[in-house]
Amino acid sequence: MRIAVFAKAPVPGHVKTRLTALLGADGAAGLHAGLVRHALATASMSNLGPLELWCAPDETHDFFARCAREFHAQLHRQEGTDLGARMRRAFEAAWSRHEKLILVGCDCPVLTAQHLAAAGAALEATDAVFAPAEDGGYVLVALSHDIPGLFEGIEWGSASVMAATRERLRAAGARWHELPVLWDVDRPADYARLQQEGLLEEVLS
Numbered sequence: 000m001r002i003a004v005f006a007k008a009p010v011p012g013h014v015k016t017r018l019t020a021l022l023g024a025d026g027a028a029g030l031h032a033g034l035v036r037h038a039l040a041t042a043s044m045s046n047l048g049p050l051e052l053w054c055a056p057d058e059t060h061d062f063f064a065r066c067a068r069e070f071h072a073q074l075h076r077q078e079g080t081d082l083g084a085r086m087r088r089a090f091e092a093a094w095s096r097h098e099k100l101i102l103v104g105c106d107c108p109v110l111t112a113q114h115l116a117a118a119g120a121a122l123e124a125t126d127a128v129f130a131p132a133e134d135g136g137y138v139l140v141a142l143s144h145d146i147p148g149l150f151e152g153i154e155w156g157s158a159s160v161m162a163a164t165r166e167r168l169r170a171a172g173a174r175w176h177e178l179p180v181l182w183d184v185d186r187p188a189d190y191a192r193l194q195q196e197g198l199l200e201e202v203l204s
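Note that the sequence shown ends on residue 204 in numbering that gives the first Met the number 0; no numbers are left out.
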């Protein structure tokens, strides 16, 4: 089994843009970098298998090189016309090695190593595992094999992502398990919640 973290390079003005008015472009990029490192640390602590960092727009940013050294992560370039195609590419790379994969984003600081362990255990007995997000998406997806159409025709970034995904799972006759609903950091209200729950210093450390 492998764990993949999807992340964008922390370029000011290109990440966490909905927080730019609150934090400034540099501050938003700094928060994003902290969230990426937090996700990698969480994945590393799970000890489930090799750690991969799938990078956008490519793997050449110095930040990714530092992450690779610190967390012993293998760097890969995200490839595909949309998020679904990019995720599918990561899963295909794992399946080509006859391995299962747990894939997470970098925006969910409340995702823990225990959640990852639960996903790994559940994947032994089912086709797919998801951690739904409060905003209607999901923050974790794990697949033991290909489920045709799972990533196609989804309005990524919308509140309908998880609902549409469930429809595709049912249509494919797949069995799946859902972890507890979690929340991620995209908007000013999420940033305030990060502060209120005492997670901001942890993310930025």
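Note that the Cβ used here is the ideal one computed from N, Cα and C, for glycine as well.
Query, Result
"Beta-carbon proximity list for arginine 76, same chain, < 7 Å, skipping 5 on both sides", "Cys54, Asp57, Glu58"
"Leucine 178 beta carbon less than 8 Å from that of glutamate 139", "Residue identity differs from the one stated: residue 139 is leucine in this sequence, not glutamate. Cβ atoms of leucine 139 and leucine 178: closer than 8 Å."
"Under 8 Å between C-beta atoms of leucine 100 and alanine 117", "no"
"Nonlocal neighbours in the same chain, by C-beta distance under 7 Å from threonine 125, ignoring five residues either side", "Arg174, Trp175, His176"
"C-beta contact flag for glutamate 206 and glycine 83 at 8 Å", "The structure shown does not extend to residue 206, since the chain spans only 0 to 204, so no value can be given for it."
"Cutoff 6 Å; reference aspartate 183; Cβ partners in own chain excluding five residues on either side", "Asp106, Cys107, Ala132, Val138"
"Beta-carbon gap between cysteine 66 and valine 35 smaller than 8 Å", "yes"
"Three-state secondary structure assigned by DSSP to histidine 97", "coil"
"Rounded separation between phenylalanine 63 and glutamate 51 - CA only", "11 Å"
"Distance between beta carbons of valine 14 and alanine 42, contact taken as under 8 Å", "Actually they are not in contact, since the Cβ atoms of alanine 42 and valine 14 sit about 19 Å apart, beyond 8 Å."
"DSSP-derived helix/strand/coil call for phenylalanine 5", "strand"
"Whole-angstrom C-beta distance between alanine 130 and leucine 181, which should lie under 8 Å", "6 Å"
"Close Cβ partners of leucine 149 (< 6 Å) along its chain, the five nearest in sequence each way excluded", "Arg167"
"Terminal residues of the alpha helix (DSSP H) in which valine 35 lies", "19-45"
"Host beta strand (DSSP E) of glutamine 113 (start-end)", "From DSSP, glutamine 113 is part of no beta strand (DSSP E) but of the alpha helix (DSSP H) over 112-122."
"Pairwise C-alpha distance: serine 159 and alanine 32", "27 Å"
"Residues bridged to valine 140 [DSSP beta-bridge criterion]", "Leu102, Phe129"
"Nearest-angstrom Cβ-Cβ length linking tryptophan 266 and aspartate 145, presumed shorter than 8 Å", "Within the shown structure, residues of the chain are numbered from 0 to 204, placing residue 266 beyond reach of any answer."
"Cα-Cα separation, arginine 96 to arginine 1", "10 Å"
"Rounded C-alpha distance that separates proline 49 from proline 187", "34 Å"
"Alpha-carbon spacing of glutamate 164 relative to serine 143, whole angstroms", "Strictly speaking, residue 164 in this sequence is threonine, with glutamate absent from that position. The straight-line gap from Cα to Cα measures roughly 16 Å."
"Alpha-carbon spacing of arginine 169 relative to valine 128, whole angstroms", "14 Å"
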